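Just so you know, we're using my numbering here: the sequence shown kicks off at 1133 and counts up by one.
Ideal Cβ placement from N, Cα and C applies to all residues, glycine included.
Nothing here was measured: the structure is a model prediction, and the numbers come from that model.
Below: the structure, in structure tokens.
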Amino acid sequence: MPLVERSIKMVLATILSIVIADYLGLHFATSSGIIALLSILDTRQSSLQIAKNRLIAFVIAFLIAIVTFSILGYDILAFSIYLMLTIPLLYWKNLESGLVPITVLVTHLMLEKSVSLSIVTNEFVLFLVGTSLALLLNSYMTTNDHKIQKYHSLIEKELKAHLFLLEERLLLKHQDDLMDNVKLLENLLEDALALVYRESANQLFQQTDYQIHYFEMRRRQCHLLREMVKISQNIWESQRETVLLAHFIHETASQLSEKNSAKTLIDDIHLLLETYRQRELPKTRSEFENRAQLFKLLQTLEDFIREKTEFYQRYNP
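Written as structure tokens, this is what we have:
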């Protein structure tokens, strides 16, 4: 969530909660605003989960508080016993997010020196108003669809560029370090994945994992690209097989897009493998080692292409 949006939501939730609590005639109305302030989170799902956890924490904490204060009174000793019982229990149940705001409400029982139904109801309504306002305001989230599509275009463009550089290395035998470029692409993919995971967490009823699966697929392809770059560093012989593979990498880069199934590339790679098998056997150790690296590179490239074909089949059966 952008900082400006988060700030506006926090201010509105806090002020509106206090105004509504005051209008309802609740005591300690400002506490409702504090609860609302603490309930504005980055995603709809996280806000909903926190609200659920705090509701359970409210019930547990107030049951402990009512029993403790009824037996021991409303002094610091009773409050200490309440904390000693509540803190480990909430942490044990993974409800620690409710500890601070609910304990603030519990202190009102001490100030009022009462655990009557009216006082407890007052605290519950304070909690309800603050939490509800936060959930209401967090139901609106700015969409990141445009930014995600920009990542689509940028990552595909970068993948193509890296494949063309790999082709160039095989043909021209230059020694430029391509690993730094691959690292930049990996960082770009991590940023894209962070965004789509956050966007997914904002979908309560119509969740789709398409974007997550798409960028995960591209990340796996990027790892395979890194492997291909490493292999290419061991290919120096100018053989016919090297030229054929370089041309195939060029074709792979040219066809790289979100909508392309890449099925024809799988067929082409099998033809290229058959061509390799029919070629004359290497005559020197150097040629043999070079041919072995070419086979390894071709197999890794096949894995690279299969990542896309499997993704395409998943969403276009």
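Quiz item: Rounded to a whole number of angstroms, what is the C-alpha to C-alpha distance between L1303 and L1404?
Solution: Rounded to the nearest angstrom, the gap between the Cα atoms of L1303 and L1404 is 17 Å.
Quiz item: CB L1180 to CB L1267, shorter than 8 Å?
Solution: yes
Quiz item: So which of L1170, E1331, L1286 has the shortest CA-CA distance to P1233?
Solution: L1170
Quiz item: Straight-line CA distance for A1183 to L1173?
Solution: 11 Å
Quiz item: Are N1319 and I1367 touching if we call contact CB-CB under 8 Å?
Solution: By the CB criterion at 8 Å, N1319 and I1367 fall outside the cutoff.
Quiz item: Is H1382 near E1439, with beta carbons less than 8 Å apart?
Solution: Result no, Cβ atoms of H1382 and E1439 do not sit closer than 8 Å.
Quiz item: Can V1232 be considered in contact with the ligand PLP, in the sense that its beta carbon sits closer than 7 Å to one or more heavy atoms?
Solution: No copy of the ligand PLP appears in this structure; indeed no ligand is present at all.
Exercise. Return helix, strand or coil for A1378, following the three-state DSSP convention.
Key: Helix, per DSSP.
Quiz item: Once you ignore the five residues that flank E1434 on each side, which residues in its own chain have a CB closer than 8 Å to its CB?
Solution: I1398, I1401
Self-check item: Where L1249 sits in the DSSP three-state scheme
Solution: helix
Quiz item: Starting from F1201 and walking both ways along the alpha helix (DSSP H), at which residues does that stretch end?
Solution: Element bounds for F1201: 1176 to 1204.
Quiz item: To the nearest angstrom, how far is it from the Cα of N1226 to the Cα of M1360?
Solution: 45 Å
Exercise. Note the first and the last residue of the continuous alpha helix (DSSP H) segment covering H1159.
Key: First-last for H1159: undefined, no H or E at that position.
Quiz item: Taking Cβ positions, are L1265 and L1388 nearer each other than 8 Å?
Solution: No Cβ-Cβ contact shorter than 8 Å links L1265 with L1388.
Quiz item: Counting Cβ pairs, one atom from each stretch, are 3 or more of them under 8 Å apart for the region 1149 to 1167 and the region 1244 to 1260?
Solution: yes
Self-check item: Bounding residues of the alpha helix (DSSP H) (the contiguous stretch that carries N1448)
Solution: No alpha helix (DSSP H) contains N1448, which DSSP labels as neither H nor E.
Quiz item: How would you write the range of the alpha helix (DSSP H) that I1208 sits in, first residue to last?
Solution: Looking at the DSSP string, the run of the alpha helix (DSSP H) that includes I1208 is 1208 to 1224.
Quiz item: For E1390, does the three-state DSSP call read helix, strand or coil?
Solution: coil
Quiz item: My guess is that G1157 and R1186 are in contact by the Cβ rule of under 8 Å, so how many angstroms apart are they, rounded?
Solution: That belief does not hold up - the Cβ atoms of G1157 and R1186 are roughly 23 Å apart, past 8 Å.
Practice problem: Look at the alpha carbon of A1210 and the alpha carbon of E1322, and state the distance between them as a whole number of angstroms. | Solution: The straight-line gap from Cα to Cα measures roughly 50 Å.
Exercise. Report, in whole angstroms, the separation of the C-beta atoms of Y1214 and V1238, which I expect to be a contact under 8 Å.
Key: 7 Å
Quiz item: Taking the C-alpha atoms as reference points, what is the distance between T1437 and I1188?
Solution: Going by the sequence as given, residue 1437 is Ile instead of Thr. Straight-line Cα distance between these residues: approximately 49 Å.
Quiz item: Given that a residue counts as buried once 16 or more other Cβ atoms are within 10 Å of its Cβ, and exposed if not, what is S1250?
Solution: exposed
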